[in-house]
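As you go down the protein sequences, you meet chains F and P in turn.
Take UniProt numbering: the last position of the first sequence gets the number 486, and nothing is skipped along the way.
Take UniProt numbering: the last position of the second sequence gets the number 323, and nothing is skipped along the way.
Using N, Cα and C, we set each Cβ at its ideal position, and we do this for glycine too.
Structure record follows, encoded as structure tokens.
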Amino acid sequence: MSLENFTGGRYPLHANCFDELVAADGNARAPATAIARFIDKHGAAELCTRQLQLNQTISDMGVCFTLYAEGSNIDRAWPLDVIPRTIPSSEWQRTSAGLKQRLTALNLFIDDLYNGQRILKDGVVPAELVLDSKNYLAPCQGMSPRYGVWANICGTDLVRDEQGTFLVLEDNLRVPSGVSYMLENRTVMKRVFPELFADSTIVPVDDYPAQLWQMLASLSPRGEHVPPCIVVLTPGIYNSAYFEHSYLAQQMGVELAENHDLLVEDDKVWLKSLRGKRQVDVIYRRIDDIFIDPLAFRADSVLGIPGLIAVWRKGNVAIANAPGSGVADDKVIYAFVPKIIEYYLSERPLIQNVETFLCQDPLERSYVLANLDKLVVKPANESGGYGILIGPRSTQAERTQMANAIKDNPRNFIAQPTLNLSTAPTLCDGTLEPRHLDLRPFILQGAELYCSTGGLSRVALTKGSLVVNSSQGGGSKDTWIINDEG
Amino acid sequence: MLARSVENIFWLGRYLERLDDTARLVNATSHLLIDSHKDTEFGWPVLLDVMGLDSAQVLAGYGLQPQNPAQLAQIEQAVMSYLTSSSDSPVSIRTACSQLKYNARTIRQLLPRDMWEELNKLDSFVQQHCLKPASRQQRYQLMTEISRRCQMVIGTVDSVMLRGDAFDLFTLGRHLERADMVTRIMDVMVLQTLQPTQLKRPRFRWISILNALGGVESYHYYLANNATGADADAIDYLLSYADFPRSVSYCFNRVAASAKGLPDSPVILQHVHQLQHLLSRQPLTDLSTVQLHELIDQIQAGIINLHQVLLGANVTEPQQLTA
Numbered sequence: 001m002s003l004e005n006f007t008g009g010r011y012p013l014h015a016n017c018f019d020e021l022v023a024a025d026g027n028a029r030a031p032a033t034a035i036a037r038f039i040d041k042h043g044a045a046e047l048c049t050r051q052l053q054l055n056q057t058i059s060d061m062g063v064c065f066t067l068y069a070e071g072s073n074i075d076r077a078w079p080l081d082v083i084p085r086t087i088p089s090s091e092w093q094r095t096s097a098g099l100k101q102r103l104t105a106l107n108l109f110i111d112d113l114y115n116g117q118r119i120l121k122d123g124v125v126p127a128e129l130v131l132d133s134k135n136y137l138a139p140c141q142g143m144s145p146r147y148g149v150w151a152n153i154c155g156t157d158l159v160r161d162e163q164g165t166f167l168v169l170e171d172n173l174r175v176p177s178g179v180s181y182m183l184e185n186r187t188v189m190k191r192v193f194p195e196l197f198a199d200s201t202i203v204p205v206d207d208y209p210a211q212l213w214q215m216l217a218s219l220s221p222r223g224e225h226v227p228p229c230i231v232v233l234t235p236g237i238y239n240s241a242y243f244e245h246s247y248l249a250q251q252m253g254v255e256l257a258e259n260h261d262l263l264v265e266d267d268k269v270w271l272k273s274l275r276g277k278r279q280v281d282v283i284y285r286r287i288d289d290i291f292i293d294p295l296a297f298r299a300d301s302v303l304g305i306p307g308l309i310a311v312w313r314k315g316n317v318a319i320a321n322a323p324g325s326g327v328a329d330d331k332v333i334y335a336f337v338p339k340i341i342e343y344y345l346s347e348r349p350l351i352q353n354v355e356t357f358l359c360q361d362p363l364e365r366s367y368v369l370a371n372l373d374k375l376v377v378k379p380a381n382e383s384g385g386y387g388i389l390i391g392p393r394s395t396q397a398e399r400t401q402m403a404n405a406i407k408d409n410p411r412n413f414i415a416q417p418t419l420n421l422s423t424a425p426t427l428c429d430g431t432l433e434p435r436h437l438d439l440r441p442f443i444l445q446g447a448e449l450y451c452s453t454g455g456l457s458r459v460a461l462t463k464g465s466l467v468v469n470s471s472q473g474g475g476s477k478d479t480w481i482i483n484d485e486g
Numbered sequence: 001m002l003a004r005s006v007e008n009i010f011w012l013g014r015y016l017e018r019l020d021d022t023a024r025l026v027n028a029t030s031h032l033l034i035d036s037h038k039d040t041e042f043g044w045p046v047l048l049d050v051m052g053l054d055s056a057q058v059l060a061g062y063g064l065q066p067q068n069p070a071q072l073a074q075i076e077q078a079v080m081s082y083l084t085s086s087s088d089s090p091v092s093i094r095t096a097c098s099q100l101k102y103n104a105r106t107i108r109q110l111l112p113r114d115m116w117e118e119l120n121k122l123d124s125f126v127q128q129h130c131l132k133p134a135s136r137q138q139r140y141q142l143m144t145e146i147s148r149r150c151q152m153v154i155g156t157v158d159s160v161m162l163r164g165d166a167f168d169l170f171t172l173g174r175h176l177e178r179a180d181m182v183t184r185i186m187d188v189m190v191l192q193t194l195q196p197t198q199l200k201r202p203r204f205r206w207i208s209i210l211n212a213l214g215g216v217e218s219y220h221y222y223l224a225n226n227a228t229g230a231d232a233d234a235i236d237y238l239l240s241y242a243d244f245p246r247s248v249s250y251c252f253n254r255v256a257a258s259a260k261g262l263p264d265s266p267v268i269l270q271h272v273h274q275l276q277h278l279l280s281r282q283p284l285t286d287l288s289t290v291q292l293h294e295l296i297d298q299i300q301a302g303i304i305n306l307h308q309v310l311l312g313a314n315v316t317e318p319q320q321l322t323a
């Protein structure tokens, strides 16, 4: 089954890119057969109609994200492409095992850094890389959260190389976002394509909120016999991820608190409820850790709760992700993750990293400086796709600026080869064109490990673009794990 | 629920009711005014007075004079703009809807998904269709649709929302707003057009006002079954006939019922009981126009007090906005 009827010719596969739905011979891959059949049967007009219906559904459901634009905040409708991205469940099994392996190792690593620092003493990771990092938070030393787990919620960005092999692009261990869109994308798609869901080979995703609640509840310091009071801590309604904060609170049936709704008294954290103070057991924070307590970290933070860290250190409240987790969410540390996995687990990494050059290293730095036009250079501690140089698409002026930035602060930069990210057919102006995409699954670790079914597929809507961030014109696709194991 | 959310859920109820009531008011009065009844002594600007505004001042902002017969068409346009589509107007349907959405967004975790979705649909409908005042031909359709969509939200709340503090505060907000709107309508559209000394109150205009409140049929039922003598009129009916869901009595009964479960109920109930007492004190038919006017002023003052008690009693500190 090919997409010819729809595209009025051959679907224009990119050379040297793996396409998620279409094989090199132009035929649909096995998990995408049902979609190809649908497109073949109904054609272009129907697909466009469904896209309109889908957009209307998104507006009705109020699925949006907030952009900061020149001081004002604008709610934008969440962009979702009508064509889903498919992955066979057998492949997903292997991938999620690799993701769990990676998070397990990263948590052992963080716990070690704030306690014995065995890995630094053994010289596996250079001590100065960790200890000089602004993400290494001294007030967390000697602390060991429940189960020794620091990063309870992780969003790992995966990409595929030319052969179609998944690679880890980055680990987001601070306040990873996007899972609400993964869930809402599925709700929308089920309304718009009920016939495609009828054969029920698409594995459901909707257990995530329950899994998240269970994981958070497993962190409660008062144990499993007291019903835990869990809150989502948000910076407020003007935050770009507020939609997700309120969505997750609603879906879990817990309160959505801002800092002034919480207070510290008698070595406990309390929620100011309509019916008086209520003791808080678990805080799912969606605020960067350095803003969380002005007494422990940034004194100028207006988002924090004074005294929170002291309560946390006493073990009277759990914070997810634990403050200090960000030390492992650093693009320089990233380069060491395969070694970290081998060090703590004595296992080979199930998912590989993208080849990474550290500008810290003089040899690698000179290679990077000599090849800026071919590489992607990233600052070690930014997110949202900001501050990145994509060599082959950059101007001479941008490269010069980046070269100077690297020379000024080599520790702050890494470089990677420009990847031929995989593509998927995407509806663009009434026709299907390949667009690059990545995948962000969400992994939870508390008493147990859990990996989401698939994740959020983010797609670069501009032709040829590799930037998938929604803050920079990216869109999304529903991710279908198709059962191929009978 | 959070102490801070009291204000938002209460306002959510108020704004939703305001939206519905304003749409009904626009429709009913449009019919009345377009028909140009001989006995209508008021014109479009009165609608602004109903919303608690100074109509002369608002119209001056449009370069218009309320009494100028040559500007009638522009006045209609300006009043409609101010009541429905203007984003600068504090009382427009569009503004009320933005406020509704803002409050919903702030307390989304308390709202069932279905309600959230109906609110979104209502908001996108209003933001799309109330960008400028509708023409006379489209106005009826538009206002009816807004009212209908408000009812969709309320219907959803009724069938899926947890009965608890949030539901009680939402219901309370709706009925306080409704009592407020009904008394303002009565104040401006009935009493201000009567002579202070006039004892025998005329009936002609009330049918359209009852229309605005969806109560023509039940008023006829009331006349046929409950009224004590020929003097019973729409004012008694609107104030004290507690079986009619848009009467002030009904609203206060609902407010009292909703307040019962709240943590600060004694102080709230004390205020509600005072209001209920005002309506039950004496046969309202015996009151002169001046006395009725005074009564309505007292009710209005009581509503304002109750609103403040509700928010003051529960909100521990002013709301901070964090960027």
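Between methionine 161 of chain P and the set P:Ile9, P:Leu2 and P:Arg4, the nearest pair of CA atoms involves P:Ile9. Residue pairing by DSSP leaves threonine 104 of chain F without any beta bridge partner. Tryptophan 213 of chain F: member of the alpha helix (DSSP H) spanning 208-217, first to last residue. Distance from the CA of valine 159 of chain F to the CA of asparagine 381 of chain F, rounded to the nearest whole angstrom, comes to 20 Å. With contacts defined as CB atoms closer than 7 Å, tyrosine 250 of chain P and alanine 242 of chain P qualify as a contacting pair. At a cut-off of 7 Å between beta carbons, glutamine 250 of chain F contacts chain P.
In the three-state DSSP reduction, glutamate 255 of chain F falls in the strand class (E or B). Judged by DSSP in its simplified three-state form, threonine 86 of chain F adopts strand. A distance below 7 Å separates the beta carbons of valine 332 of chain F and leucine 358 of chain F. Distance from the Cα of serine 135 of chain P is smallest, within the candidate group P:Gln77, P:Ala104 and P:Leu119, for P:Gln77. The DSSP assignment places complete alpha helix (DSSP H) segments of no fewer than 4 residues inside the stretch 326-354 of chain F at 331-334 and 337-345, in order along the chain.
Secondary structure in the stretch 15-85 of chain F: the beta strand (DSSP E) runs of 3 residues or longer, each lying completely within the stretch, are 64-69 and 72-77 in chain order. At a beta-carbon threshold of 8 Å, none of the residues of chain P lie near aspartate 267 of chain F; the nearest stands roughly 22 Å away. It is roughly 21 Å from the alpha-carbon of leucine 129 of chain F to the alpha-carbon of valine 168 of chain F. Looking from the CA of glycine 302 of chain P, the closest CA among P:Thr84, P:Asp21, P:Asp180 and P:Arg4 belongs to P:Asp180. For valine 267 of chain P, the enclosing alpha helix (DSSP H) has its first and last residue at 265-280. Within the stretch 227-248 of chain F, those residues whose Cβ lies closer than 7 Å to any Cβ of chain P are, in chain order, Pro235, Gly236, Ile237, Tyr238 and Ser246. Annotation: Cβ neighbours of glutamate 255 of chain F in chain P (cutoff 8 Å, chain order): Met1, Leu2 and Gln109. Of all residues in the stretch 119-132 of chain P, only Asn120, Lys121 and Ser124 place a beta-carbon less than 7 Å from a beta-carbon of chain F. The beta carbon of isoleucine 414 of chain F sits closer than 8 Å to those of Lys331, Val332, Tyr334, Ala335, Thr356, Phe357, Leu358, Cys359, Val377, Lys378 and Ala380, all from its chain and outside the five residues before and after it, given in chain order. At a cut-off of 7 Å between beta-carbon atoms, threonine 22 of chain P makes no contact with chain F. As a beta-bridge residue in DSSP terms, glycine 474 of chain F pairs with F:Ala460. In the three-state reduction of the DSSP assignment, histidine 293 of chain P falls in the helix class, which pools H, G and I. Serine 89 of chain F is outside the set of residues whose beta carbon lies under 7 Å from a beta carbon in chain P. The shortest C-alpha to C-alpha distance from glycine 62 of chain F to any of F:Arg174, F:Gly164, F:Asn185 and F:Leu137 is the one to F:Asn185. Secondary structure at cysteine 130 of chain P: coil, using DSSP grouped into helix, strand and coil.
Distance from the CA atom of arginine 10 of chain F to the CA atom of asparagine 115 of chain F, rounded to whole angstroms, is 58 Å. Contact holds between the stretch 452-465 of chain F and the stretch 172-189 of chain F, because three or more Cβ pairs, one in each stretch, are under 8 Å apart.
Three or more Cβ pairs closer than 8 Å define a contact, and the stretch 460-476 of chain F falls short of that threshold against the stretch 197-205 of chain F. In this structure, the CA atom of proline 306 of chain F is about 38 Å from the CA atom of serine 96 of chain F. Note that the C-beta distance between glutamine 99 of chain P and tyrosine 15 of chain P is below 7 Å. Judged by their CB atoms, glutamate 17 of chain P and glutamate 118 of chain P are not nearer to each other than the 7 Å cut-off. Close CB contacts of asparagine 211 of chain P within its chain, under the 6 Å cut and outside five residues either way in sequence, are with Ala28 (chain order).
Proximity to isoleucine 209 of chain P across P:Val188, P:Leu223 and P:Ala224 peaks at P:Val188, based on C-alpha coordinates. Under the Cβ criterion of 7 Å, threonine 106 of chain P is counted among the residues facing chain F. One alpha carbon belongs to serine 240 of chain F, the other to serine 30 of chain P, and they sit about 43 Å apart.
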